[in-house]
Amino acid sequence: MLATNRFGTFFGVSQKVLDSVWQALTSPTGESATYISMEIGADLDVFHPVRNKLHQLEITEHPDESINRFLQLFLKGPVKIPNYSGGLGILAGDTLKSFADCKIPIVGISLLYRKGYFSQMVDSKIGQVAWAADWAPENTPGLYLLHDPKSPTQPLTIEVPFYDLQGIRSVACAHLWLKMEINEALDYFVPEILLDYQTPQSPSWIQDAAQHLYDSSSEKVKATQRRLLGVGVVPAMEALGITSRTIHLNEQHGVGVVLSLISQLLQNEHGPQYETKATDQDILTAAAEVAKRLVFTIHTPVKAGHDRFNISVFDDLISPFCKHALNLLAREEHNNYVYNFTAMAMKLNRATNSVSRLHKEVTQKQFPQYADKITAITNGVHHLTWTSDAKAELYDTFPELHNWRRDPSVFAKAETLLRHNKFRTYFEQAWRTDTMILVDYVNRMLTTHRNQRLATWIDPPNYLSYLSMEEASLDHTTFTLGFARRFSTYKRADLIFEDLDRLTAMITENNWPVNFIFAGKAHPSDEPGQDLIRNVLAVQEELYQKSHGLAKLVFIPGYDMHVAKMMVAGSHAWLNSPKRPLEASGTSGMKAAMNGVPNISIMDGWWVEGYHDGRTGWKFGYEDSISHEHFSEQPSSLLYNEDSASFYTVFPEMLRWFYDPALHNQYIDKCIANLSLNCPIFNTHRMAAEYVARYDLDLAPTVKREMKKFRSLYCSDPSFHEQSK
Ligand SMILES: *Cc1c(COP(=O)(O)O)cnc(C)c1O
1 MLATNRFGTF FGVSQKVLDS VWQALTSPTG ESATYISMEI GADLDVFHPV
51 RNKLHQLEIT EHPDESINRF LQLFLKGPVK IPNYSGGLGI LAGDTLKSFA
101 DCKIPIVGIS LLYRKGYFSQ MVDSKIGQVA WAADWAPENT PGLYLLHDPK
151 SPTQPLTIEV PFYDLQGIRS VACAHLWLKM EINEALDYFV PEILLDYQTP
201 QSPSWIQDAA QHLYDSSSEK VKATQRRLLG VGVVPAMEAL GITSRTIHLN
251 EQHGVGVVLS LISQLLQNEH GPQYETKATD QDILTAAAEV AKRLVFTIHT
301 PVKAGHDRFN ISVFDDLISP FCKHALNLLA REEHNNYVYN FTAMAMKLNR
351 ATNSVSRLHK EVTQKQFPQY ADKITAITNG VHHLTWTSDA KAELYDTFPE
401 LHNWRRDPSV FAKAETLLRH NKFRTYFEQA WRTDTMILVD YVNRMLTTHR
451 NQRLATWIDP PNYLSYLSME EASLDHTTFT LGFARRFSTY KRADLIFEDL
501 DRLTAMITEN NWPVNFIFAG KAHPSDEPGQ DLIRNVLAVQ EELYQKSHGL
551 AKLVFIPGYD MHVAKMMVAG SHAWLNSPKR PLEASGTSGM KAAMNGVPNI
601 SIMDGWWVEG YHDGRTGWKF GYEDSISHEH FSEQPSSLLY NEDSASFYTV
651 FPEMLRWFYD PALHNQYIDK CIANLSLNCP IFNTHRMAAE YVARYDLDLA
701 PTVKREMKKF RSLYCSDPSF HEQSK
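Going letter by letter, the sequence shown gives residues 1 to 725 in our numbering.
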């Protein structure tokens, strides 16, 4: 399990595996892809194949001290890597894990943030309180500081130049960390290269700008972060010898890589003096050449997700030549003082992908000039990461689902389990286990907060912490509705509390208890997002009183992958209430589906494809055609009245199906339909297979066959399918 190459020693894969992955990534033919993402979410407490293997083999120590050090780190080391803020990063992690499962030669590149994304504390009066996340890459299993092959005691270092108005250069230096996404069989891995600019050689302002993911304290800091990612890519590839022809931009944040690639081409053509020799036409021609290497995925129609900068911000960051290139390539059509990086990424690529069918339509409306080349590849989730232990054991037990771990398309056969009584019984047992885990977690949290309240100045976030344990405890037989995601205006976390009288009336009239479990962080500079958290906290008491204690609303602080996994598996339904069509895909609902948990959702993002005429869950809210006016996030255009009213008509039906013994079976039918209709499709194996078709890689025949199988069940974009035939 120990392997070494020029850059270091790694634990968890054999020498043969390390060598074969490295050989593919550095092969002169360039048949690999480099995947660039601002964030990558892959916490080890939700997926940790090396530790699982050690447990399985009952290996707890090793006589060789150097091996034992690795062993203890993997068995007992930290499991949090706070290098993500939400769906985009977790999608990146899930994607790279599926590439590893499918043995596709890919390398991920991202930044390492020593203060991560913030940790969340919540106070009932103040709302969210953010503090720096604490972690140490040095002690994190699976993360390695790479060494310089020429002087193995030194870290491998790359340099990125910065310029100021006087043209004086300063140089930012990054160390390269390698994180391994190893597959379950430990016979392949995808390396992620994390650029760490908090080195003593970097100027202090760069070190400061590199600390926090999505630091937006100023436009300059934000632009600096983007540059650290984009312009670090080519030097990192060169330092490691990575030859990928295809470069995949997971969102536009790293689009600065095109400047390096254009410079590279022009330098080859015009020599070291290219900055003065190349004409505008030369630059445009080089850009068109570079575009052939790029695949771009756009993830959101929401403005905050698209980087636009005042062009003057760059006077102080990049060389006059790069500035000139940006003037040619990135200037906004209607506003000459703004660089629009989404528009540049949209222009410079050979394939543009949106993340669901509906999002394709939206993106085509937002960028009509590129409408023809925009295709859809609907997102997925890594099924091995998001299936709870209890459900995994269930799936392992039934021969109908044989090989589901390696091949999620197997779930299509779950249809035969619909009338299989033993499966249905076991399914409900596994679900009960998951709900008990969630409810126990919440009850323990409430107890801790109750004790804290007596001992410290902190006001716990939940009204229930102010009640006695007898009154406040959650019960696992109670219908539990889950909602967790970033708190952002368009996601409308407080939508279902719009009319508390109406909501509580349906609960008291039928004597149906309900747990509402909520979680999520708002970006520290997103004030409206933080207001949403306060709104949710503010209704807790009234909801409890008006429902005579039947409705209990709990907010879990510190949303992360672990909390997400517990919530999606333990809830009885998963709520998604964004304003259509602003949720481009959404992935937490897919995680619920992996556990057979039905969604109740606005017809937005992936749910348009996953709803299947009500067989897999419920829909509510506006679902008609979309036009430009629907893209607004103005408070007056958020449709709170209309969409909450629609929710109140659907919700009692759900509760009746859940609680009425005569209807309960039909509730379970919906769960199993999620396994047979949604699991085979909304997984990252299928998604990776669709991307690999866009990468156009020359793969080994067995791998090629496998990928074809994963995408044969579903084609996100039939128009692309036609073209490729
Ligand atoms: C899955 C996940 C998300 C994304 O959820 P959406 O439904 O896409 O908003 C965000 N944060 C965490 C921790 C997650 O696990």
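Glycine included, each C-beta is placed from N, C-alpha and C at the ideal position.
A check of alpha carbon separations from T616 across S625, S66, N595 identifies N595 as the nearest. In the DSSP assignment, the residues bridged to V129 are M121. Taking C-beta separations shorter than 7 Å and ignoring five residues to either side along the sequence, the partners of A278 in its chain run L266, H270, following chain order. The beta-carbon distance between F411 and L675, rounded to whole angstroms, is 5 Å. This is short enough to meet the 8 Å contact definition. Within 6 Å of the C-beta of A287 there is not a single heavy atom belonging to ligand 1. Distance between D315 and V231, taken at the CA atoms: about 16 Å. Boundaries of the beta strand (DSSP E) harbouring L178: 169-182, taken from the DSSP string. The beta carbons of D494 and N462 sit no closer together than 7 Å. Rounded to whole angstroms, the Cβ separation of V295 and R694 is 5 Å, and the two are in contact under 8 Å.
Exposed is the label assigned to K125, since fewer than 16 other Cβ atoms lie within 10 Å of its Cβ. For W657, the uninterrupted alpha helix (DSSP H) segment begins and ends at 640-659. Within the chosen limit of 6 Å, ligand 1 reaches the beta carbon of M561 through at least one heavy atom. Under DSSP, the beta-bridge partners assigned to V554 are I517.
Sequence-distant Cβ neighbours of E542 in its own chain, meaning closer than 7 Å and more than five residues away, are L500. Put simply, the region 667-686 touches the region 421-433. At least three CB pairs are less than 8 Å apart. Relative to R226, the option among L259, Q540, E138 whose CA is nearest is L259. Looking at the backbone, the Cα of P320 and that of I81 are separated by about 37 Å. Annotated as proximal: Q530 and Q128, with beta-carbon spacing under 7 Å.
The three-state secondary structure of I626, taken from DSSP, is coil.
Contact between the region 150-165 and the region 368-387 is not established, with fewer than three Cβ pairs separated by less than 8 Å. When the beta-carbon positions are compared, S356 and I374 stay at least 7 Å from each other.
Of the candidates R444, I40, V17, V160, I40 places its Cα closest to the Cα of G116. About 27 Å separates the CB atoms of T508 and H449; that is not less than 8 Å, and the two are not in contact. Within the DSSP secondary-structure output, G108 pairs in a beta bridge with Y35, E192. By the Cβ criterion, the region 201-220 is not in contact with the region 21-34, since fewer than three pairs of Cβ atoms, one from each stretch, lie closer than 8 Å.
Annotation note: the region 418-497 contains the following uninterrupted alpha helix (DSSP H) runs of length 4 or greater, listed N- to C-terminal: 421-455, 469-472. Going by beta carbons, L474 and N443 fall inside the 7 Å limit. The three-state reading of DSSP puts N403 in coil, since its state is none of H, G, I, E or B. According to DSSP, residue pairing for P161 in a beta bridge involves V171. Within the region 291-319, complete beta strand (DSSP E) segments of at least 3 residues are found at 294-297, 308-310, given in chain order. One Cα belongs to C679, the other to L418, and the distance between them is close to 15 Å.
At least one heavy atom of ligand 1 sits closer than 6 Å to the Cβ of I90. Contact annotation, V107 with I247: C-beta distance approximately 10 Å; criterion of less than 8 Å not satisfied. If you compare the alpha carbons of L176, P137, T378 with that of Q154, the shortest gap goes to L176. With a cutoff of 6 Å, G586 counts as near ligand 1, since its C-beta is closer than that to a heavy atom of the ligand.
Under the DSSP assignment, N576 falls in the beta strand (DSSP E) whose first and last residues are 573-576.
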